[in-house]
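Contents: one structure, followed by commentary.
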Amino acid sequence: MPHHIATLHDLIKSGYRSKTARERLLDVIKQKIETGEELFPDIFGLKSEKRRLIKTLVAGKGVLLTGAYGVAKTDLAKHLHNLLNEYHKKHDVYYVAQCPVQEDPLILSQFLALNPDGYSPATVEPCPICKAQLREVNGNPDKIMVRRMEQLVEGRGFARVQGGGDVLPEEIVGTYNLLKLAQIGDPFDPRVFEPGKIGQASRGLLFVDEIGKLSETAQHALIQAAQENSFTPTKSRETFPVDFLLVATTNVADEEYICGAVRDRLVSIKIPRVNIEDEIRIVQKEVARMTPPIHVPVLFIKLAVEVITTLRGNDRLELGPRTSINAGLIARSSALLAGRFVADYCDIKEGIYTAILGKTQFEDIYDIEKQIDAQFPPVAAYLKKNLPHINFSEMISDYRHEWGNNTDWDDTKIKQMVNNKDLSPAWNHLQQWIGEHDESLVVTGAQIIAIYLAAYEKGCVEK
């Protein structure tokens, strides 16, 4: 498609064909399925839930993602935004310049009966402001300016409503600025209408986060758009057509506050907690995103996830996957501040306590600390349980015999031990296990072996 298109006339001559947000999403999904690409990279597990989300949106229905805190509801919506933007990178999408709802220009040409071969992009009339533009130029397509929507950004093709009792209905549906109307005198001047979140999201994605925290009147402002693909601004009788994908989220505690009329227009998809293996991968992913890179050994991350999972039954704590992520990130910071590139057992212990106690009411801290203590296993027993085929005692004996009882755990010395075929096979076994399960681009296998052996020998020594 040539990029010198500036007017509706240019667009008609080019043979351009528009697609709805649903059709654009479908195109991207088909292309990724054909190439074997992940639709939701970095969101682990939730295979059935991801499939239901896509099928529901492609069916033209709005989605309500319901689940506990930190189960990737918001991340799923962000990935949908990314999927739509992938389409925009590869294909041209145009809208009418100065239109508050990013109107598809071919809706105007259809209204003027100018589309070749009777092509019909949608069975709707242009928005009131676009109609006014047509009247001003006597329906001349050479005088209707169009723009290319290169990507969906906040306010143009994407909008996020953050749930809260202070969100007003006019923030969602938009309103007419009566002061500007008095000054300008033309109710169809684009400067008079202040589009709300629905208008801003048209041609893309409307994301309503924590919809249950919206007031009932704010929730009702979504109904017309969810059901009829149109909205009526406050202080107006005019109706604006819109085209968007609607994704809302709610936490389980707020689900009861979603009004029935809104719930009835959305397809609810329950998002469960991920299993321990996927939660470990989530923490690894978040730690790996940080700079400078610091490695947190996988068994220490597993320890954090297991301790936090055990305490999730406590009614006084709300411990989602974010708590495990926080524990990993705090462990990483602890190692960074100590000048190390790999976190040790003390670092992860600090991360676990800090992350959990950060979710605790002040009066409960002492009791929760005791509960953490009760769930925290002795590190030697924990390592033996998770690596039963590794004889840590033999490895420590080999090292001490070779280098002395007062020698620190040094990765250069450990490399020599791994390469010494006369020593315990546990050295090679642990090196092999790390290569398969705990490989790092930041540190060597020998450095990770040093951390595990130091933890096994001494546990956490107060510094």
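Its first residue numbered 604, the sequence shown is counted upward by one per residue in our numbering.
Ideal Cβ placement from N, Cα and C applies to all residues, glycine included.
Reduced DSSP category for residue i - H, G, I as helix; E, B as strand; rest coil
i                 : result
lysine 873        : strand
arginine 840      : coil
lysine 1066       : Since pLDDT at lysine 1066 reaches only 38, below the 50 mark, its modelled position is unreliable, and the value read off the structure follows with that caveat. Three-state DSSP puts lysine 1066 in coil, outside helix and strand.
glutamine 974     : helix
glutamate 757     : strand
histidine 898     : strand
lysine 833        : What sits at residue 833 in the sequence shown is serine, not lysine. Here serine 833 sits in strand by DSSP.
valine 661        : helix
valine 740        : coil
threonine 778     : strand
threonine 963     : coil
threonine 610     : strand
glutamate 797     : strand
valine 908        : helix
valine 945        : strand
serine 651        : helix
alanine 716       : coil
phenylalanine 995 : helix
arginine 620      : coil
aspartate 707     : coil
asparagine 1031   : helix
phenylalanine 903 : helix
cysteine 730      : coil
CB of residue i within 9 Å of CB of residue j, strictly
i               : j                 : result
tyrosine 1084   : valine 631        : Given that the chain is displayed from residue 604 to residue 1066, the structure contains no residue 1084 and the question cannot be resolved.
valine 982      : alanine 1058      : yes
asparagine 1031 : valine 1045       : no
tyrosine 1052   : glutamine 1034    : The sequence given here has isoleucine at residue 1052, not tyrosine. Cβ atoms of isoleucine 1052 and glutamine 1034: closer than 9 Å.
leucine 954     : alanine 946       : Residue identity check: residue 954 is glycine in the sequence provided, not leucine. Yes, Cβ-Cβ distance for glycine 954 and alanine 946 is below 9 Å.
leucine 611     : proline 744       : yes
alanine 851     : glycine 665       : yes
lysine 1018     : threonine 1010    : no
arginine 759    : glycine 815       : no
asparagine 994  : leucine 902       : no
glutamate 753   : tyrosine 779      : no
threonine 957   : arginine 919      : no
aspartate 678   : phenylalanine 643 : yes
isoleucine 874  : alanine 680       : no
isoleucine 928  : glycine 673       : yes
isoleucine 879  : lysine 905        : yes
glutamate 706   : serine 805        : yes
glycine 843     : valine 756        : As written in the sequence, residue 843 is phenylalanine, which differs from the glycine given in the question. No, they are not a contact pair.
glutamate 708   : valine 740        : Before going further, note that residue 708 is proline rather than glutamate in the sequence given. Their beta carbons are not under 9 Å apart, which means proline 708 does not touch valine 740 by this criterion.
First through last residue of the alpha helix (DSSP H) which encompasses residue i
i               : result
glycine 931     : 924 to 940
glycine 863     : 863 to 866
tryptophan 1012 : Taken as a continuous stretch (DSSP letters only), tryptophan 1012 belongs to no alpha helix (DSSP H), as it is neither H nor E.
aspartate 645   : Unbroken run through aspartate 645: none, as it is neither H nor E.
glutamine 630   : The identity of residue 630 in the sequence shown is aspartate, whereas the question assumes glutamine. Segment 624 to 638, the alpha helix (DSSP H) holding aspartate 630.
alanine 804     : 800 to 804
glutamine 887   : 879 to 892
isoleucine 1054 : 1048 to 1061
valine 982      : 982 to 989
histidine 691   : 676 to 693
glutamate 819   : 819 to 823
Rounded straight-line distance, which links the Cα of residue j to that of residue i
i               : j                 : result
isoleucine 911  : phenylalanine 979 : 10 Å
isoleucine 1054 : tryptophan 1012   : 8 Å
glutamate 1065  : tyrosine 948      : Caution is warranted here: a pLDDT of 42 is assigned to glutamate 1065, below 50, making its placement in the model unreliable, and no coordinate value can be reported.
isoleucine 968  : arginine 915      : 15 Å
glycine 766     : glutamine 803     : 17 Å
arginine 884    : glycine 618       : 47 Å
aspartate 846   : threonine 623     : 7 Å
glutamate 909   : lysine 952        : 12 Å
leucine 1056    : isoleucine 999    : 7 Å
glutamate 813   : alanine 824       : 15 Å
isoleucine 747  : lysine 734        : 11 Å
lysine 616      : leucine 932       : 55 Å
alanine 907     : glycine 663       : 41 Å
valine 699      : histidine 682     : 27 Å
Host beta strand (DSSP E) of residue i (start-end)
i                 : result
aspartate 1025    : Looking at the DSSP string, aspartate 1025 is not in any beta strand (DSSP E), and its letter there is neither H nor E.
arginine 751      : 749 to 751
arginine 763      : 760 to 765
alanine 851       : 847 to 854
phenylalanine 810 : 807 to 812
tyrosine 698      : 697 to 699
glycine 670       : 665 to 670
- Cβ contact check for the segment 650 to 659 and the segment 721 to 736: 3 or more pairs under 8 Å: no
- Pair every Cβ in the segment 631 to 642 with every Cβ in the segment 763 to 779, then say whether three or more of these pairs are closer than 8 Å. no
- Kindly confirm or deny that the segment 810 to 820 and the segment 702 to 716 touch, where touching means at least three C-beta pairs closer than 8 Å. no
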